[in-house]
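Position in the sequence shown (from 1) plus 3 gives the number in my numbering. Quick notes on the structure that follows.
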Amino acid sequence: MNRKEFLLTTGTLAAGYSLLGLRSHGSAKPPTPYDFIKLEQSSLEYGFDGLEPYISAEIMHLHYQKHAAGYLKKLKSYLADNPDLGTNLNAIIQGPLKAPMLKNNLGGHFNHEIFWRSLSPNANQEIPKKLLSQIEADFGSVDQMAEAFASAASKVFGSGWAWLCVDPKTKKLEVLTSANQNNPLMQGEEKYAYPIIGIDVWEHAYYLQYQNRRTEYISNFQKILNWDFAAKNYSNLKLWKR
Ligand code: MN
């Protein structure tokens with residue numbers, strides 16, 4: 004995209020935001036790269052038992068069909084009652100989310116759509132080169148990144164998420180956490196950033212298999228990360244010139 008096209012796109016976006024009554028965080032935010040996040044649950048790219056022995060089929064079944072489906076159902080109902088918001092979830096999530104029902108259920112749906120893709124039945128995937136060198140530049144090594152991620156995830160108090168994120172301004176990677184079903188894209192979070200991969204540390208994500216052993220869950224989770232998905236998000240994000 005050249006500069007003129009970019010300005011046209013951002014101009015259209017800004018108009019879209021104001022039509023929707025959505026304020027961005029001061030300056031207009033570019034769209035996120037998560038064009039796969041729609042007002043529906045996308046089907047898993049693996050079976051409920053595809054992540055065993057790391058995550059049990061029982062957990063995946065309940066997590067996908069009950070917990071995540073529940074967030075979507077409530078989100079749909081809220082958006083149906085508030086048609087002025089539209090259905091562009093990538094835009095809505097960056098706007099004001101005053102109603103807890105909207106914030107919690109939009110976050111719940113959005114985060115889980117990232118979560119399913121963050122996992123792969125092929126354990127111990129290699130990290131694609133470009134992302135690997137960025138990880139080494141920003142964390143020192145893959146091990147140090149993994150340690151930072153695990154440490155952040157284990158320290159989330161109560162329910163929440165840990166994310167490997169990219170700062171859209173500096174393009175640097177960093178680990179961030181969010182409480183409840185919040186997401187670093189939301190206003191009012193510690194820092195605005197794009198998650199490229201994320202771990203759910205709500206008890207519903209691990210308790211049936213790991214009970215109180217959250218660190219064991221986190222360590223096993225890290226063995227089944229879908230680095231191709233993270234790399235794809237990372238390179239999509241690199242396209243956004245600000
Ligand atoms: Mn969950």
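In this text, a Cβ means the ideal position worked out from N, Cα and C, and glycines have one as well.
Enumerate in chain order the residues of its own chain whose CB-to-CB distance from residue i is below 8 Å, with the five nearest sequence positions on each side excluded.
| i | result |
| --- | --- |
| F142 | M148, A151, L176 |
| E139 | V145 |
| L78 | L42, L105, N108, L109, G111, H112 |
| H64 | F51 |
| G201 | N114, I117, F118, S121, W164, A165, W166, L167 |
Beta-carbon within less than 7 Å of residue i's beta-carbon, same chain only, minus the 5 sequence neighbours each way: which residues are those?
| i | result |
| --- | --- |
| T90 | L42, L82 |
| L105 | Y81 |
Sorted by chain position, which residues of the same chain lie with C-beta nearer than 6 Å to residue i's C-beta, five sequence neighbours on each side aside?
| i | result |
| --- | --- |
| E116 | I40 |
| A60 | F51, D52 |
| G19 | Caution is warranted here: a pLDDT of 40 is assigned to G19, below 50, making its placement in the model unreliable, and the coordinate value is therefore given only provisionally. Within the same chain, G19 has no close Cβ partners at all. |
Across which residues does DSSP place residue i in a beta bridge pair?
| i | result |
| --- | --- |
| I200 | L167 |
| L228 | L122 |
| E43 | K41 |
What first and last residue would you give for the beta strand (DSSP E) that runs through residue i?
| i | result |
| --- | --- |
| T180 | 176-182 |
Residue range of the alpha helix (DSSP H) that residue i falls in?
| i | result |
| --- | --- |
| L65 | 60-65 |
| L211 | 210-213 |
Point to revise | Within the stretch 71-157, ranges of the alpha helix (DSSP H) (whole runs, at least 4 residues) | key: Taken in chain order, the unbroken stretches of alpha helix (DSSP H) that lie wholly in the stretch 71-157 and span 4 residues or more are 72-84, 92-95, 103-121, 132-142.
Check your understanding: Residues near ligand 1, CB to any non-hydrogen atom under 7 Å, in chain order?
Key -> My final list is H66, H70, A71, H115, F118, D203, W205, H207, A208.
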